[in-house]
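Read top to bottom, the protein sequences are chains A and B. 1 is the number of the first residue of the first sequence in this note's numbering; add one for each residue after it. 1 is the number of the first residue of the second sequence in this note's numbering; add one for each residue after it. Cβ coordinates follow ideal geometry from the N, Cα and C atoms, glycine included. Just so it is clear, the structure is predicted and the values come from calculations on it, not from any experiment.
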Amino acid sequence: MQKFKGKIQFRSIPKAQFKNRQQNSSTVTSSTVVSPPKEQSPNIRFRLFIVWSVLVAAGVGLGFNLYNLQIVRGPKLTEKARNQQMVNLRPYMPRRQVVDRNKEVLAIDRQVYTLYAHPKQFNKSRHEVAEKLAPILDKEANKLESQFERKNSGIVLDTALAEEAADRISALNFNGLELRQKYSRFYPAQDLASEVIGYVNLDRRGQAGVEYSQEKLLERSVQTVRLSRAGNGALMPDYAPEGFPNFDDMRLQLSIDTRLQRAARFALKNQMKRYSAKRGAVIVMDAYDGSLLAMVSHPTYNSNEYSKADISLFRNWAVADLYEPGSTFKPLNVAIALEAGIIKPDDTFNDSGIIQVADRTIRNSENKRYGRISPAQTLQFSSNIAMVQMIQRMRPSTYYGWLERMGLGQGLDTDLPFSVASQLKSQEEFISTPIEPATTSFGQGFSLTPLQLVQMTGALANGGRLVTPHVVKGLLDSKGQMHYTPTRPEPRQIFSPITTQKVLEMMETVVSAKGTGKEARIPGYRIAGKTGTAQKASANGGYISGARITSFISVLPVESPRYVVLALVDEPQGENAYGGTVAAPIAKSVMEALISTEQIPPSSPR
Amino acid sequence: MAVARKSDVDNSGKGGWFGQRRSRRRDISQRTSTPTSTTASQTSSSSLPARNTTNSKSQLKKTSKSMMVPSTSKPESYKLKHQVQATSKTNLSSKSNSSLRSDNTTIPVMSASEAMPVWLLRLQGLQRNTSVLTFLLVAATLVAYGWTVYSQQLWSQSYRRLQNLQRQERQLTVTNGVLESKFAADAEKPNAGLVSPSPSSMIFIPAAPGGNTNLASPTLPPNLPTQQQTSTPVGY
Numbered sequence: 001m002q003k004f005k006g007k008i009q010f011r012s013i014p015k016a017q018f019k020n021r022q023q024n025s026s027t028v029t030s031s032t033v034v035s036p037p038k039e040q041s042p043n044i045r046f047r048l049f050i051v052w053s054v055l056v057a058a059g060v061g062l063g064f065n066l067y068n069l070q071i072v073r074g075p076k077l078t079e080k081a082r083n084q085q086m087v088n089l090r091p092y093m094p095r096r097q098v099v100d101r102n103k104e105v106l107a108i109d110r111q112v113y114t115l116y117a118h119p120k121q122f123n124k125s126r127h128e129v130a131e132k133l134a135p136i137l138d139k140e141a142n143k144l145e146s147q148f149e150r151k152n153s154g155i156v157l158d159t160a161l162a163e164e165a166a167d168r169i170s171a172l173n174f175n176g177l178e179l180r181q182k183y184s185r186f187y188p189a190q191d192l193a194s195e196v197i198g199y200v201n202l203d204r205r206g207q208a209g210v211e212y213s214q215e216k217l218l219e220r221s222v223q224t225v226r227l228s229r230a231g232n233g234a235l236m237p238d239y240a241p242e243g244f245p246n247f248d249d250m251r252l253q254l255s256i257d258t259r260l261q262r263a264a265r266f267a268l269k270n271q272m273k274r275y276s277a278k279r280g281a282v283i284v285m286d287a288y289d290g291s292l293l294a295m296v297s298h299p300t301y302n303s304n305e306y307s308k309a310d311i312s313l314f315r316n317w318a319v320a321d322l323y324e325p326g327s328t329f330k331p332l333n334v335a336i337a338l339e340a341g342i343i344k345p346d347d348t349f350n351d352s353g354i355i356q357v358a359d360r361t362i363r364n365s366e367n368k369r370y371g372r373i374s375p376a377q378t379l380q381f382s383s384n385i386a387m388v389q390m391i392q393r394m395r396p397s398t399y400y401g402w403l404e405r406m407g408l409g410q411g412l413d414t415d416l417p418f419s420v421a422s423q424l425k426s427q428e429e430f431i432s433t434p435i436e437p438a439t440t441s442f443g444q445g446f447s448l449t450p451l452q453l454v455q456m457t458g459a460l461a462n463g464g465r466l467v468t469p470h471v472v473k474g475l476l477d478s479k480g481q482m483h484y485t486p487t488r489p490e491p492r493q494i495f496s497p498i499t500t501q502k503v504l505e506m507m508e509t510v511v512s513a514k515g516t517g518k519e520a521r522i523p524g525y526r527i528a529g530k531t532g533t534a535q536k537a538s539a540n541g542g543y544i545s546g547a548r549i550t551s552f553i554s555v556l557p558v559e560s561p562r563y564v565v566l567a568l569v570d571e572p573q574g575e576n577a578y579g580g581t582v583a584a585p586i587a588k589s590v591m592e593a594l595i596s597t598e599q600i601p602p603s604s605p606r
Numbered sequence: 001m002a003v004a005r006k007s008d009v010d011n012s013g014k015g016g017w018f019g020q021r022r023s024r025r026r027d028i029s030q031r032t033s034t035p036t037s038t039t040a041s042q043t044s045s046s047s048l049p050a051r052n053t054t055n056s057k058s059q060l061k062k063t064s065k066s067m068m069v070p071s072t073s074k075p076e077s078y079k080l081k082h083q084v085q086a087t088s089k090t091n092l093s094s095k096s097n098s099s100l101r102s103d104n105t106t107i108p109v110m111s112a113s114e115a116m117p118v119w120l121l122r123l124q125g126l127q128r129n130t131s132v133l134t135f136l137l138v139a140a141t142l143v144a145y146g147w148t149v150y151s152q153q154l155w156s157q158s159y160r161r162l163q164n165l166q167r168q169e170r171q172l173t174v175t176n177g178v179l180e181s182k183f184a185a186d187a188e189k190p191n192a193g194l195v196s197p198s199p200s201s202m203i204f205i206p207a208a209p210g211g212n213t214n215l216a217s218p219t220l221p222p223n224l225p226t227q228q229q230t231s232t233p234v235g236y
C-alpha cells in the first residue's frame with residue numbers, strides 16, 4: 001500500500017479513504033475502518049435497491065398477468081383449450097338389432113358416412129381431387145369436377161358411404177373433405193318380413209311394424225360423451241363417464257321363424273299369381289302362448305327401399321283391416337253352442353236347402369241341401385242353414401254375451417301396431433232383429449281382423465284360452481339370456497277343454513276326403529280345419545257381387561293341438577275360386593314347412 | 001500464516017463483496033475480528049442469533065453495515081459454516097486482517113457447540129427428515145405419473161381395438177345376412193333343383209323305451225353312436 005502512495009489515480013472518494021488509511025496506518029481505529037464501508041454502502045445500497053425494485057416490479061407484473069389470464073380471460077381460454085383437446089363423441093350405441101326366433105338378423109344398424117367437399121379448402125387442384133375420388137365414389141371424374149365448380153363449400157358428394165370407402169377417402173388425407181358419421185338401418189332379409197318389422201325413416205324413427213311399436217325398446221338414448229384427445233389423436237379415458245364403452249348388446253328377439261316365413265310367402269305368392277288375387281295373408285300362431293311364427297302379407301315392400309313403396313302397404317292389413325270371416329267362424333259358433341249346452345255332438349239338424357228368417361231367405365252356397373246332418377257334418381259340408389238352426393236354439397242376448405266374451409266388438413291386444421277393433425252390431429240391434437244372429441251364425445254381418453280370428457281359433461287349440469298374439473319375445477343378449485319380456489295380459493278362459501277337443505274333432509272331418517278342406521290333407525297327420533268363402537261387404541251396405549274373400553283356418557295336430565294356420569286370399573278370380581281350392585293348398589304348404597321346422601311327429605305311424 | 005497472506009492479497013485485489021464471499025468460503029478460520037473486536041464480538045455474538053433467523057440468501061442484501069467478521073476458533077466455525085456465510089459486508093478489512101491476528105486468541109466470539117440452541121438442532125433434524133420424505137414423494141409422484149400415462153396409452157389402444165372389432169362384427173353380420181337371403185331367394189327359383197322339405201321325406205324315429213333299464217344300459221352306449229349316425233342324414 002505504501003508503494004502506491006501517489007502513483008495511481010483513484011477516484012475521489014476512495015482516494016480520500018486511502019489517504020486516510022495511510023495517514024492512520026499505525027493506529028487502527030474503528031472509525032477509519034468503518035467509514036469506508038459507510039461511504040461505499042450508499043452506492044451499493046442504491047444498486048441493490050434498483051435490482052430489488054426491478055425484480056419486485058417484474059414479480060408484480062407477473063402477478064398482474066396471472067390475474068389477467070386466470071380470472072379475466074380464464075373462461076374463454078379454458079373454452080379454447082377444451083375445444084382443442086376434447087372431442088365430442090357419440091359412442092357406438094346403435095339401434096338394437098332385431099333377430100328372429102333362430103337368432104338370424106332381421107334388422108341391423110350400419111355406420112355410413114356423408115361426404116362433404118369444401119373446394120375452398122382444397123390444397124390440391126380440383127382436378128386431382130376429382131381424379132382420386134372418382135374410383136372410390138364410383139362416379140366420373142369430370143362430373144365431380146363440375147360439382148366442385150358450382151359451390152365453394154358444403155357440397156354433398158355422397159350421403160350413404162360405406163365404411164370401407166370412407167376409410168379409403170380418409171387415407172387420402174386431402175384437405176377439404178369431410179366425413180360425417182351416421183347410422184343407417186339395414187334389413188338383410190329385404191322384403192321377407194317387412195310387414196312385421198316395418199322400417200325406419202331418415203330421422204331414425206320407426207314408422208311401421210315392430211320398429212314403430214317397439215321404438216322404446218329399440219332406440220337407445222345416446223348421450224354425447226366428451227373425451228380428451230392426446231396429441232397423436234388417441235383418445236384418453238380421463239373424463240369418460242361410468243361404464244363408458246358399454247357392452248349392452250341386447251337384441252330384440254321376435255318369434256317369427258324366417259324359414260317358415262319364406263315358405264309361406266312362396267306358397268302365397270304362387271297361389272295369388274295363379275288366381276290373380278288382389279292381396280293375401282298367412283298367419284301361423286303357436287296357440288300355447290300366442291307367439292306368431294309367421295305373418296305374411298302380399299303384396300309387400302322392401303324395407304331397405306321403403307320410399308319406393310306404396311304407402312298403403314305400411315299398414316299390415318292382417319292386423320289393421322277388417323273383413324267378414326264367413327264360414328271360418330262356424331267352428332267358434334259350434335263351440336259356443338256346445339259350451340252353452342244347447343246342442344250335443346250327436347244332435348241332428350235338418351238342412352232343407354233354404355230357411356226363412358224374418359223376411360229374408362238364407363240358402364247354402366251353391367244352393368246345396370244336405371238333409372239331416374250332425375254338427376260335425378255341418379262343418380264338413382259347411383251348411384249355413386244348419387248353423388242358423390243351431391244358433392236359433394240360443395237366446396239372442398245369450399249369444400251376444402258369448403260373442404262379446406270372445407272379444408268381438410273389442411280391440412285386440414297385440415304388439416303389432418295399428419290394430420283395429422272388430423265390429424259388431426249394437427246389442428239392441430242384435431237382439432231386436434232376428435236376422436242378425438242368423439247371419440252371424442255363418443260368419444257374415446260382422447267383421448274382424450284376420451289376427452283376431454286366429455286368436456279365437458287359438459282358443460279352440462289350447463283348451464279354451466284367449467291368448468294374446470304377439471311377435472316380440474323379448475330382449476336377448478349375446479349369450480342367449482333373455483333379459484326383458486314384455487308383460488302381457490293373462491289369457492282368458494272362455495271354453496272348456498272338452499268342448500274344444502270335440503270341436504276340433506268335428507273340424508277334422510273337414511280335412512278329409514269328403515270335406516271342403518280336402519286339399520289340405522297331409523298323410524300321417526291329423527289336421528283340423530275349416531274353409532271359408534265369404535262375400536265382401538261394400539261401403540254402402542250390401543255385398544259386392546263377384547267379390548269374395550277365401551280363407552282356410554287349420555289347427556295342427558289334433559291329438560295335441562298346438563299351431564293355428566290361417567291363409568287368406570282376397571278377391572281371387574276365376575270360376576273355381578273357393579276357400580277349399582285357393583286357400584287350402586296354401587295352408588297345406590305352410591303346414592308341411594311347419595312340420596319340418598318344428599319337427600312335429602306324425603299322428604299315426606306310417 | 002501464509003494462507004492469511006493469500007487471502008490478504010485476494011481481498012485487496014478484488015474489492016466489492018464477491019471477493020469477500022470467496023474469502024469467507026475459503027478459510028473461515030482466517031476470519032478475524034476488526035480492531036474493535038470486543039464490541040464486534042459482542043455485536044457479532046448478539047447478531048449471530050439475529051443472523052441465524054435470516055436466510056443464507058440474505059447475505060445478498062446489505063442488512064447491517066455494522067456487522068463485523070466474527071473471530072472464531074477453528075472447530076466451532078466449521079460447524080456454523082452456513083450461518084457464518086451471512087457475515088458482515090465490510091470487505092475492506094483486508095488491512096484489518098493482519099492487524100487483528102493478534103487478537104485472535106483473546107476473543108471468544110462464538111459460543112461453544114454444546115450451547116447451540118436445541119430448537120436449532122431439532123429444526124436441522126426435521127429438515128433432514130423432511131428432505132428425505134420429499135425425495136420419496138417426488139419419486140412416488142414420478143412413478144404415479146408414468147403409470148397414468150402408460151395406462152392411458154393402453155386404454156386408447158384397447159379402445160381402438162374395440163372399435164375395429166365392432167366394425168368387423170357388423171360387417172360380418174351384414175354379409176352373413178345378405179348371403180343367406182340371396183341363397184334362399186335363389187333356392188326358390190324353379191331352376192335351382194331344390195325342393196322344400198316335406199313330411200314325406202322326413203324320418204321320425206320313436207324314442208327308445210325307457211322301461212327295461214337293466215337290459216338297455218349295457219346296450220345303450222353302442223346304440224347311441226349308431227343312432228346318431230343314422231339320425232344325421234335325416235336332418236338333411
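Contact annotation for residue 190 of chain A against chain B: 181 [CB-CB distance below 8 Å, chain order].
Between the beta-carbon of residue 457 of chain A and that of residue 564 of chain A there is about 5 Å, and that keeps the pair under the 8 Å contact cut. Counting only Cβ-Cβ distances below 8 Å, residue 108 of chain A has contacts in chain B at 170, 173, 174 and 177, in chain order. Around the beta carbon of residue 134 of chain B, a 10 Å sphere encloses fewer than 16 other beta carbons of the protein chains shown; the residue is thus reported as exposed. For residue 128 of chain B, the enclosing alpha helix (DSSP H) covers residues 118 to 188. Pairwise C-beta distances place the stretch 429 to 447 of chain A out of contact with the stretch 288 to 300 of chain A, as fewer than three of them are shorter than 8 Å. Closest in alpha carbon position to residue 559 of chain A, among A:391, A:542, A:461 and A:87, is A:461. When A:201, A:382, A:284 and A:603 are compared, the shortest CA-CA separation from residue 469 of chain A is found for A:284.
Per DSSP, reduced to three states, the secondary structure at residue 89 of chain A is strand.
Here residue 64 of chain A carries a helix assignment [DSSP, helix/strand/coil].
When the beta-carbon positions are compared, residue 532 of chain A and residue 579 of chain A come within less than 9 Å of each other. Only 152, 155, 156 and 159 from the stretch 141 to 161 of chain B bring a Cβ to less than 7 Å from some Cβ of chain A. Judged by DSSP in its simplified three-state form, residue 303 of chain A adopts helix. Judged by DSSP secondary structure, residue 474 of chain A falls within the beta strand (DSSP E) whose first and last residues are 472 to 476. With 16 or more other CB atoms across the displayed protein chains lying within 10 angstroms of its CB, residue 130 of chain A is buried. Neighbours of residue 160 of chain A across chain B, judged by C-beta separation under 7 Å, do not exist; the nearest C-beta is about 13 Å away. Close CB contacts of residue 86 of chain A within its chain, under the 8 Å cut and outside five residues either way in sequence, are with 226, 227, 228, 229 and 239 (chain order). At the C-beta level, residue 300 of chain A and residue 101 of chain A stay beyond 9 Å of one another. When secondary structure is reduced to three states using DSSP, residue 409 of chain A falls in the coil class, being assigned neither helix nor strand. One thing to note: residue 390 of chain A has its Cβ no nearer than 9 Å to the Cβ of residue 402 of chain A. Interface with chain A (9 Å Cβ-Cβ cutoff): residue 200 of chain B is included. Sequence-ordered contacts of the stretch 95 to 122 of chain A with chain B read 97, 104, 105, 106, 108, 109, 110 and 111 [C-beta pairs closer than 9 Å]. When secondary structure is reduced to three states using DSSP, residue 468 of chain A falls in the coil class, being assigned neither helix nor strand. Under a criterion of Cβ atoms nearer than 9 Å, the residues of chain B adjacent to residue 595 of chain A are, in order, 197, 198, 199 and 202. For a Cβ distance threshold of 8 Å, residue set 152, 155 and 156 of chain B lies close to residue 236 of chain A, ordered along the chain. Residue 414 of chain A carries a coil assignment under DSSP once its states are collapsed to helix, strand and coil. Between residue 497 of chain A and residue 198 of chain A, the C-beta gap is not smaller than 9 Å, which leaves the two residues out of contact. Against residue 184 of chain B, the close residues of chain A are 189, 192, 258, 259 and 262, in the order they occur along the chain (beta-carbon pairs closer than 9 Å). Secondary structure of residue 493 of chain A (DSSP, three-state): strand. Here residue 489 of chain A is not near residue 415 of chain A, since their CB atoms are 9 Å or more apart. Non-local beta-carbon contacts of residue 386 of chain A in its own chain, meaning distances under 7 Å to residues more than five positions away in sequence, involve 349, 351, 373 and 378 in chain order. Residue 549 of chain A is positioned such that its CB atom lies closer than 9 Å to that of residue 536 of chain A. Close partners of residue 46 of chain A in chain B (Cβ separation under 8 Å) are lacking, with about 10 Å as the shortest Cβ gap. Within the stretch 510 to 532 of chain A, contact with chain B at the beta-carbon level (separation under 9 Å) is assigned to 522, 523, 524 and 525. For a Cβ distance threshold of 9 Å, residue set 199, 202 and 204 of chain B lies close to residue 602 of chain A, ordered along the chain.
In its chain, beyond the 5 residues on either side, 343 and 390 have a beta carbon closer than 6 Å to the beta carbon of residue 337 of chain A.
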